[in-house]
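Under the numbering used here, the first residue of the sequence shown is numbered 116, with each subsequent residue one higher.
Here a beta-carbon is modelled for each residue, glycine too, at the ideal position from N, C-alpha and C.
Please read all numbers here as calculations on a predicted model, not as lab measurements.
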Amino acid sequence: MNISEISGMLGELAGAGSVEGLLLTRRLEIIYSENRFEESQLIELVRRMEDVAAYYQGEKRSVEQLVLGFNEGNMLFLFDASFRLVITYSNPEDADILGKTARALLRDFQMHQLVDHMADGKSVEVAEKELWR
């Protein structure tokens, strides 16, 4: 899946509610970023997200969604396998609908990734291992 396809997919989410920014990562790799943060801030945010995921994994638990509210706005973090999606938005009442919509888009993205790997001749097991472990 190329960046224009990712942009198109996330464009649906960008136009929803009070969304102000989006960030899609695979572990520490930034796949897509459309927001107001500087690069150094994004790198720090990605590191902190991975710290959260690692903490819960170390506790033999998983975190799927985290919502934080600030004076300047809100952040919704979705954790799924090795992918992370962060949405910044202004209206706190949008959290539920954004979470549901974003979760569906993240699943679609992962399915596209799996299909792309399989189209390259990889087995399902190999593709899953490369993508989610």
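| Query | Result |
| --- | --- |
| Let me know the secondary structure DSSP gives ARG218 once reduced to three states. | helix |
| I believe LEU193 touches ALA217 by the beta-carbon criterion, under 8 angstroms. Please report the beta-carbon distance rounded to the nearest angstrom. | 5 angstroms |
| Which word fits ASN186, buried or exposed, when buried means at least 16 other C-beta atoms lie within 10 angstroms of its C-beta? | exposed |
| Check each candidate in ASP195, ILE212, ILE158 and name the one with the smallest Cα separation from PHE224. | ASP195 |
| Under 7 angstroms, do LEU137 and LEU125 count as touching if we go by C-beta distance? | yes |
| My parser needs the beta strand (DSSP E) runs of 3 or more residues fully inside the region 134-181; what are they? | 134-141, 144-149 |
| Who pairs with ASP195 in a beta bridge, going by DSSP? | PHE198 |
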